[in-house]
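Below: one structure, written as structure tokens.
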Ligand code: IMP
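Residue numbers (the working numbering): 1166 to 1595.
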């Protein structure tokens, strides 16, 4: 049993790509199990920056089979473009596998995503407007169209006709938008995307299970989470969440690999917090320190360019993330962004309606009202981005990490001190 899950432990953008990239060196398969091109993983190799939206980070290694699992929603246009861009830069996509059960995103999903956000006005969720929610809604309503449908023209057209006739009514009558043309979509999907994507479409469930069942020749599988625990449809700050199960449980349903194979669960958290879009954020900073972290940490969306909201590290939420994911270890990223800040804070509990709470409030209204209770730490002046070992860190940085580890309750194994592949240090052994 050799399944490792890398999962975001906060609100996304924790730098999971860097750790997945690092760990992929020892893997046979790297699997995306949920989300779509709302994700954006950045990897820096020899100062060259690669941004991946749908293709698993393992694509960078020749020996890895990258898999887009059944739980992902795929915009075929984006996937085709991503394959072409990687190939043009010398990264082979020959081994990529796309689950035939992955659902496809269509132009009407994007239109509906935008229309809903506009209609919500001030109450909007702040989605990426990539059609993610509407595509998952179709999946749940059993009117979605899957990658395997591209391989059967008659079925594809029949399903699209049914779906589009309803969507056009919705777009024109409810949202006052133009209707979409069936023939145009058929032309794009069945000519351009079908030809380009059919070599990759596969039965990924059997592929992964066969690999894991081979006892003589044990294969290692890495499950690459997108978004994060608190954007999880069930466990996040609903409704300010994405439409998939980002937490570790999603790795099983989104890939067809049973939970007993998921033995190592690595949560990734920044040394502070960020969030994109609306929703509660108890430790949010609206001051100069927040602005400085945003600037130094380059806290702008990889795909959307949107400014991220900034806050202090929230250990209460992290403890919750440990439970939701049965997290076995924690990786901390972007510690270097805190260089030169005089005083650091960590939220250890909340005050809600005059009462102290050590856990995340169960009622969302209370969570909106939660006031952070902080422990305060001295910062460090030194630049740490070249530090390669635990002992090389300034003592204030070591104290900060020791405190996070004790508060969260799982070992910190890796610490990121810069964006490059080599800019991390081992804090403790697994
Ligand atoms: P959606 O996933 O586009 O439906 O957006 C729903 C919520 O998830 C919004 O608040 C987005 O900002 C957030 N979100 C989606 N993908 C990411 C991500 O990769 N990083 C951070 N936030 C994300």
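For each residue, glycine too, the CB sits at the ideal point set by N, CA and C.
For the ligand IMP, which residues have a Cβ under 5 angstroms from at least one heavy atom, in chain order? The chain-ordered list of residues whose CB is nearer than 5 angstroms to some heavy atom of the ligand IMP reads 1177, 1178, 1203, 1204, 1291, 1292, 1293, 1297, 1298, 1392, 1396, 1407, 1441, 1442.
Residue span of the beta strand (DSSP E) that contains residue 1387, given as start and end: Taken as a continuous stretch (DSSP letters only), the beta strand (DSSP E) holding residue 1387 covers 1386-1389.
If residue 1389 sits next to residue 1195, beta carbons under 8 angstroms apart, how far is it from one beta carbon to the other, in whole angstroms? Indeed, because the Cβ distance is near 6 angstroms, the residues count as touching under 8 angstroms.
How would you call residue 1371, buried or exposed, if buried means at least 16 neighbouring beta carbons within 10 angstroms? So residue 1371 ends up on the exposed side.
Start and end of the beta strand (DSSP E) containing residue 1204? Annotation for residue 1204: no beta strand (DSSP E) segment contains it, and DSSP assigns it neither H nor E.
Cα-Cα, which of 1503, 1511, 1538 is closest to residue 1519? The option with the nearest alpha carbon to residue 1519 is 1538.
Going straight from the alpha carbon of residue 1416 to that of residue 1422, what length do you get? When the Cα atoms are used, residue 1416 and residue 1422 turn out to be separated by approximately 8 angstroms.
Could you round the C-beta distance between residue 1441 and residue 1471 to whole angstroms and report it? I think they count as a contact, below 8 angstroms. A Cβ-Cβ separation of about 6 angstroms places residue 1441 in contact with residue 1471 under the 8 angstroms criterion.
Best match in 1525, 1585, 1494, 1530 for proximity to residue 1592 [C-alpha to C-alpha]: Shortest Cα-Cα distance from residue 1592 to any of 1525, 1585, 1494, 1530 involves 1494.
Let's see if you can read the secondary structure: which residues bound the beta strand (DSSP E) around residue 1264? Secondary structure note for residue 1264: its beta strand (DSSP E) is the uninterrupted segment 1262-1264.
Is residue 1528 helix, strand or coil when you go by DSSP? In the structure shown, residue 1528 sits in coil (DSSP, three-state: anything other than H, G, I, E or B).
Rounded separation between residue 1467 and residue 1393 - CA only: Rounded to the nearest angstrom, the gap between the Cα atoms of residue 1467 and residue 1393 is 15 angstroms.
Given this structure, state the Cα-to-Cα distance separating residue 1326 from residue 1336, to the nearest angstrom. Taking the straight line from one Cα to the other gives about 15 angstroms.
Please say whether residue 1439 and residue 1176 have beta carbons closer to each other than 8 angstroms? Contact flag set, yes.
Contact set for residue 1508: own chain, Cβ-Cβ below 8 angstroms, skip 5 residues either direction: Around residue 1508: 1541, 1542, 1543, 1544.
Rounded straight-line distance, which links the Cα of residue 1354 to that of residue 1363: Put simply, the backbone Cα of residue 1363 is about 11 angstroms away from that of residue 1354.
Enumerate in chain order the residues of its own chain whose CB-to-CB distance from residue 1578 is below 8 angstroms, with the five nearest sequence positions on each side excluded. Hits under 8 angstroms: 1431, 1494, 1495, 1496, 1591, 1592, 1593, 1594, 1595.
To test your reading of the DSSP string, which unbroken beta strand (DSSP E) runs of 3 or more residues are found completely within the stretch 1435-1471? Runs found: 1438-1440.
Would you mind stating whether residue 1304 and residue 1268 have Cβ atoms separated by less than 8 angstroms? Yes, the Cβ-Cβ distance between residue 1304 and residue 1268 is below 8 angstroms.
Cβ-based neighbour list, residue 1204, same chain, cut-off 7 angstroms, excluding 5 preceding and 5 following: Cβ neighbours of residue 1204 beyond the five flanking positions: 1218, 1391, 1392.
Tell me, please, which residues DSSP counts as bridged to residue 1238. Residue 1238 pairs with 1268.
Under 8 angstroms between C-beta atoms of residue 1490 and residue 1171: Between residue 1490 and residue 1171, the CB-CB gap reaches or exceeds 8 angstroms.
Exposed unless 16 or more other CB atoms sit within 10 angstroms - verdict on residue 1528: Exposed.
Roughly how many angstroms lie between the CA atoms of residue 1427 and residue 1414, to the nearest whole one? Answer to the nearest angstrom: the Cα atoms are 9 angstroms apart.
Just verifying my parser: in three-state terms, what is the DSSP assignment at residue 1276? When DSSP states are grouped into helix, strand and coil, residue 1276 belongs to the helix group.
Have a look at residue 1229 and residue 1449 and give me their C-alpha separation to the nearest angstrom. About 39 angstroms.
Check for me: the beta strand (DSSP E) holding residue 1220 runs from which residue to which? For residue 1220, there is no enclosing beta strand (DSSP E), as DSSP marks it with neither H nor E.
Are the stretch 1251-1260 and the stretch 1274-1284 touching, with three or more C-beta to C-beta distances below 8 angstroms? No: the two stretches stay apart, fewer than three of their Cβ pairs being nearer than 8 angstroms.
Nearest neighbour of residue 1573, chosen from 1514, 1202, 1343, 1320 [CA to CA]: Nearest C-alpha to residue 1573: 1514.
Compute the Euclidean distance between the alpha carbons of residue 1484 and residue 1298, then round it to the nearest angstrom. Roughly 28 angstroms separates the two Cα atoms.
Report the residue from 1252, 1235, 1240, 1510 whose alpha carbon sits nearest the alpha carbon of residue 1266. A check of alpha carbon separations from residue 1266 across 1252, 1235, 1240, 1510 identifies 1235 as the nearest.
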